[in-house]
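One line per chain: the protein sequences are A, B and C, in this order.
Its first residue numbered 1, the first sequence is counted upward by one per residue in this note's numbering.
Its first residue numbered 1001, the second sequence is counted upward by one per residue in this note's numbering.
Its first residue numbered 2001, the third sequence is counted upward by one per residue in this note's numbering.
Only one structure is covered here, and it is reproduced in the block below.
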Amino acid sequence: MSLQRKVLLAAIGWLSTVTLLHLWLNTSAFEKQTVTSANPGERFRVGFLPVTCHLTCPVTHFINKSMSGDGTFEPMRFNGWPELKEAFLSHHLQASFILAPMAMALREQGVPIKIVYLGHRDGTTMMVHKDSDIHRIEDLRGKKIAVPNRFSNQRLIIFRAFKERGLSMNDVTLLEMPPPDMPATLKVRAVDAIISGEPFMAQSEMDGYGRVLFLTKDVWPEFISCVLAVHDDVIRDHRAEVQRLVNGIARSGKWLDKTMEHRMQAATFAGKNNYNQDPKLLEFVLSKPPDRVKYTNLSVRRKDFEEIEVVGRDAGILQGTARFEDYADPSFVTDDNGLQPYLWEATP
Amino acid sequence: MKPIVPDDVEPSSSESSARFSYSAIELPSLVATAFLLVWDIAVRFSGSDLFPKPIEVLWGLVELARKGLLVKYVVASLFRVTWGFTLAVVVGIPFGLLLGSNRLAQTAFNPLIQGFRPISPIAWIPVAILWFGVSDAAPVFLIFLASVFPITVSTAAAVKSVQSVYLRAADNFGLTRMQLFRRVIFPASLPQIITGLRIGLGIAWLVVVAAEMIAVNSGLGYLIIDARNAGKRYDLVVAGMVLIGVIGWVLDVLMRQIERFPSVKWAYGTTHD
Amino acid sequence: MIDAPAKSRGAGFYPARNPMKPGLVENLPHVRLDFGRNMIEQPASPVRTPRSEPPAVQVRDVWMLFPGRHGGRDIPVLERINVEVQSGEFVCIVGPSGCGKTTLLNIIAGFLKASRGEVLVEGQPVHGPDPRRIVIFQEGSVFPWLNVRTNVGFGLSDKSAAEREQIVQHYIHMVGLTGFESAYLRQLSGGMRQRVEIARALAANPEVLYMDEPFGALDYFTRFKMRADLIRIWQQERKTILFVTHDIDEAIQLADRVVVLGQRPSTIQLISPVELPRPRDLNSPMYLEIRDRILDALGMSLRGVVGGNGIGRSAGVGDVNIGS
Chain A
1 MSLQRKVLLA
11 AIGWLSTVTL
21 LHLWLNTSAF
31 EKQTVTSANP
41 GERFRVGFLP
51 VTCHLTCPVT
61 HFINKSMSGD
71 GTFEPMRFNG
81 WPELKEAFLS
91 HHLQASFILA
101 PMAMALREQG
111 VPIKIVYLGH
121 RDGTTMMVHK
131 DSDIHRIEDL
141 RGKKIAVPNR
151 FSNQRLIIFR
161 AFKERGLSMN
171 DVTLLEMPPP
181 DMPATLKVRA
191 VDAIISGEPF
201 MAQSEMDGYG
211 RVLFLTKDVW
221 PEFISCVLAV
231 HDDVIRDHRA
241 EVQRLVNGIA
251 RSGKWLDKTM
261 EHRMQAATFA
271 GKNNYNQDPK
281 LLEFVLSKPP
291 DRVKYTNLSV
301 RRKDFEEIEV
311 VGRDAGILQG
321 TARFEDYADP
331 SFVTDDNGLQ
341 PYLWEATP
Chain B
1001 MKPIVPDDVE
1011 PSSSESSARF
1021 SYSAIELPSL
1031 VATAFLLVWD
1041 IAVRFSGSDL
1051 FPKPIEVLWG
1061 LVELARKGLL
1071 VKYVVASLFR
1081 VTWGFTLAVV
1091 VGIPFGLLLG
1101 SNRLAQTAFN
1111 PLIQGFRPIS
1121 PIAWIPVAIL
1131 WFGVSDAAPV
1141 FLIFLASVFP
1151 ITVSTAAAVK
1161 SVQSVYLRAA
1171 DNFGLTRMQL
1181 FRRVIFPASL
1191 PQIITGLRIG
1201 LGIAWLVVVA
1211 AEMIAVNSGL
1221 GYLIIDARNA
1231 GKRYDLVVAG
1241 MVLIGVIGWV
1251 LDVLMRQIER
1261 FPSVKWAYGT
1271 THD
Chain C
2001 MIDAPAKSRG
2011 AGFYPARNPM
2021 KPGLVENLPH
2031 VRLDFGRNMI
2041 EQPASPVRTP
2051 RSEPPAVQVR
2061 DVWMLFPGRH
2071 GGRDIPVLER
2081 INVEVQSGEF
2091 VCIVGPSGCG
2101 KTTLLNIIAG
2111 FLKASRGEVL
2121 VEGQPVHGPD
2131 PRRIVIFQEG
2141 SVFPWLNVRT
2151 NVGFGLSDKS
2161 AAEREQIVQH
2171 YIHMVGLTGF
2181 ESAYLRQLSG
2191 GMRQRVEIAR
2201 ALAANPEVLY
2211 MDEPFGALDY
2221 FTRFKMRADL
2231 IRIWQQERKT
2241 ILFVTHDIDE
2251 AIQLADRVVV
2261 LGQRPSTIQL
2271 ISPVELPRPR
2281 DLNSPMYLEI
2291 RDRILDALGM
2301 SLRGVVGGNG
2311 IGRSAGVGDV
2321 NIGS
């Protein structure tokens, strides 16, 4: 057999084998189409990162799918903010969990999106090395702090905390870094402090080298890190679906905050199925203390965002050209004052 | 007519490497073992509990295999690399043949190609996401980009380095332009094209980690990024690295089999391996 | 014998395109160059009769200039070259290294265009290479990606597979490579490679063979054998051969006529017929006389340089200090 024939046959054989195996193992191409999804065109992809701030996303999916067999919303896990943002911008995602200041900045830059709901409240921690001499926010002067993204509220909270204490931002160095890399960086003390959404902060605490400098609730009560943002045209054309998504997230949040048992369940299945993280770590984040991250009281309120606007302008990431009306659409929130008692407050 | 047997008829002796076969196994094994030992000792000595020891990496691999992820991830990466590379071959070889044989095309396209060539596939990630979203197409596109330029450039170089005596001989036999391409230029440049393909495949496999940083939910690159997300699972990070290294090596060995065909073997030295 | 070519395999596989006149080439069925034995008693080649049809190859007042580097003056390579080669004739062009022999052959073959003058083949001007006139290159142009069989059949793509196979086998046999049909170039020795090249050229059934120092890279013994075989093949195939070499002995051993080119810019110094019978006795007085005549034409005397008659037998022109 000639070279060309042999190589061509081998190449075709390889190509088809690998393709078939991939379709079989890694996609649902060979799965029988069940009743789960209405039709593929109406699939609604929601982006999220494996952080506890976005926990309501997989929980909603889980509840939807297991309770009502509704597969309309497909959670898509990303590994970093830039990739998530780009997929959202290019309409590959209809909706996404996204940093609140980033959503506002995108709106200012003319991207037609709206914040329709919050993802969570609090859920951010600043960690320092346990042996470090940093015990108060004032001690951060002259130090290096890792932040997830310039548009993150984690960065803004530093601005706010410094301003309140009369410190200058020139006194610290901020480094942008993917949160998954932060614990190891802190461990080898390449930075002095790290701040991001959980569970990466709790990781360093669990492993014994991290110490909590502050939780968000201590510095910026009712802190908002991530929000649910949706494209304007999706809101226009698929209002009912967006409403269902918001309802689902609200319901998931309430379910999560109802009992500690639910949180432990969520830690187990999300850790395994969605985050690929040790459930123990998620359990730690969701319980120590219980209000480290909260999933209720998620309605979109003008006051919260105007506060972010102020700090965002100070931090130089927002121009102030987009107002609450421009970047937010609170109309999906049915129960605006859904302030429910935090049930764990009664539990240890 | 009485045929004469020329006294100069004597096939050149075939290469023999039997003498080296003993140390060809032993020596590299020895070095590899020494490397693993040094690694192990270094981790123990430093007292780090972040960086895994070799045995922990092995357990990480076992864990992946048990969960069925090992096969899934390997297949996913192979799938993306195969398609990206195949597209690069389908585009790169004809394009390279054109550039190598047509001065006008060479002049016209060369600056563009040389300008695109140094751009890391990582820089293309945003573009890939904007164009292809989060499907398999995005990493395939990145892998394609990474390997298409080396293939194009080495194909063009191969065509340009075809010995002019072959072209003159072919010209003498009255070949048309098309025949000249098919029967002389292509086979004459094939060995160097194959070398270019080897380089291209190496690069394609090299960028798999970067390409799978894009949200896909499988693959060896994904394994590494996912293991970072998973907290302190650096054993899986290194396991991913080991898998990428070993499979890349196997791919190159497979690719080299093409070089053994007599119609291309002429261009490689007898000691080639 | 020569008039019935198709019946005799030895007379060539193809029916001759131009049936030649009897007596043009003597047909010695089993020619061997027998080194060291006096064979002067064999009949000499008959003198060619003038003919009315145009010569196979006609070089008419060819001049060649190469453009000077960096805008310098043009370098003249060939001047005023006039050569005629009759159909079926074996002509050698001999000259020192770098004198422009290969350039001249490339012009004749149509790979280069002369600065002035023209080349006619059977009265028609040459505009480019043509499969009726195959060049055998000094550096070897056997395709390394093909084996012996496919190399020899290279110029036969318009033939049916059966016909091609028959022709290929015939010429592989003729050049003595039977049994090596599936071998690739790298498995062949230098002499065998040139045999493949010759077989490939003959298989295409050209009227003329242009050979550019084809044996230049071979060792002494192989070269010697190749010359004998070439003469044998030429006598079987009756092709017109124009053979370029820098080896005066090779030229005298092979050619019906030797064309001597001088130093660059080359002009023709001498055209000498070699009326020695084949197989040729390299010790015959006539042989030595022709050699001396050629050396004289090149402005050098072998006796003066080496000191002693008959020493330095296979003198290459380029090896000797010329013209000083």
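Virtual Cβ for every residue (Gly too), placed ideally from N, Cα, C.
Short of 6 Å from the beta carbon of glycine 2095 of chain C, and not among the five residues preceding or following it, lie these beta carbons of its own chain, in chain order: Lys2101 and Leu2261. Taking C-alpha positions only, aspartate 1235 of chain B is separated from proline 179 of chain A by approximately 19 Å. Taking C-beta atoms as the reference points, valine 2244 of chain C and glutamate 2275 of chain C fail to come closer than 8 Å. Leucine 175 of chain A sits away from alanine 193 of chain A, with the two beta carbons spaced by 8 Å or more.
Scanning C/Ile2233, C/Gln2166 and C/Ser2160 for the CA closest to the CA of glycine 2176 of chain C turns up C/Ile2233. Scanning chain A for C-beta atoms nearer than 7 Å to the C-beta of serine 1218 of chain B yields Asn26, reported in chain order. When beta bridges are read from the DSSP output, proline 2206 of chain C appears opposite no residue. Glutamine 277 of chain A sits in coil when the DSSP states are folded into three classes, being neither helix nor strand. Not one beta carbon of chain B lies nearer than 8 Å to the beta carbon of lysine 114 of chain A.
Residue pairing by DSSP puts tyrosine 2184 of chain C in a beta bridge opposite C/Asn2147.
Assignment of glycine 13 of chain A by DSSP, reduced to helix, strand and coil, places it in the helix class. Between alanine 315 of chain A and the set A/Leu156, A/His54 and A/Lys6, the nearest pair of CA atoms involves A/Leu156.
Ranking B/Gly1096, B/Pro1121 and B/Ile1119 by CA distance to the CA of phenylalanine 1109 of chain B puts B/Gly1096 first. When CB distances to chain B are screened at a threshold of 9 Å, the residues of the stretch 2145 to 2160 of chain C falling below it are Trp2145, Leu2146, Asn2147, Phe2154, Gly2155 and Ser2157, in chain order. DSSP lists no bridge partner for histidine 61 of chain A. Inside the stretch 1055 to 1111 of chain B, DSSP marks whole alpha helix (DSSP H) runs of 4 or more residues at positions 1069 to 1101, from first to last along the chain. For threonine 2240 of chain C and leucine 2254 of chain C, the gap between their C-alpha atoms comes out near 13 Å.
Comparing C-alpha distances from arginine 45 of chain A to each of A/Leu20, A/Leu55, A/His91 and A/Gly80 shows the shortest one belongs to A/His91. Residue contact with chain B for leucine 2185 of chain C: present (Cβ-Cβ distance below 8 Å to some residue of chain B). Rounded to the nearest whole angstrom, the C-alpha separation of leucine 1104 of chain B and isoleucine 1151 of chain B is 20 Å. For methionine 76 of chain A, the CB contacts under 8 Å within the same chain, skipping 5 residues up- and downstream, are Arg45, Val46, Gly47, Phe48, Ala87 and Leu93 in chain order. Residue environment for methionine 102 of chain A: buried (at least 16 other C-beta atoms within 10 angstroms of its C-beta). The contact set of arginine 1168 of chain B on chain C, defined by CB atoms closer than 9 Å, consists of Asn2106, Ala2109, Phe2111, Pro2129, Val2135, Phe2137 and Ser2141 in chain order.
For the 8 Å CB-CB criterion, arginine 2186 of chain C and isoleucine 2248 of chain C do not form a contact.
Non-local C-beta neighbours of isoleucine 113 of chain A in its own chain, meaning closer than 7 Å and more than five positions away in sequence, comprise Ala103, Leu106, Arg107, Ala229, Val230, His231 and Asp232, ordered along the chain. Assignment of alpha helix (DSSP H) within the stretch 214 to 268 of chain A, counting only whole runs of 4 or more residues, yields 216 to 219, 232 to 237 and 239 to 258 in chain order. In this structure, B/Ala1227 is the residue among B/Trp1249, B/Ile1193, B/Ile1129 and B/Ala1227 with its C-alpha nearest to the C-alpha of valine 1057 of chain B. By the rule that beta-carbons nearer than 8 Å mark a contact, threonine 52 of chain A does not touch chain B. DSSP lists A/Ile145 as the bridge partner or partners of leucine 174 of chain A. The residue from C/Glu2084, C/Ile2134, C/Arg2060 and C/Asp2158 with its alpha-carbon nearest to that of alanine 2199 of chain C is C/Ile2134.
The beta carbon of aspartate 218 of chain A sits closer than 7 Å to none of the beta carbons in its chain outside the five residues before and after it. The Cβ atoms of serine 2141 of chain C and glutamate 2053 of chain C do not sit closer than 8 Å to each other.
Residue pairing by DSSP places glutamine 2269 of chain C in no beta bridge whatsoever. Counting C-beta atoms within 10 angstroms of its own C-beta, histidine 238 of chain A has 16 or more neighbours from the protein chains shown and is therefore classed as buried.
DSSP places lysine 2239 of chain C outside any beta strand (DSSP E), giving it a letter other than H or E.
Counted as a single uninterrupted DSSP element, the alpha helix (DSSP H) harbouring tryptophan 1249 of chain B occupies residues 1234 to 1256.
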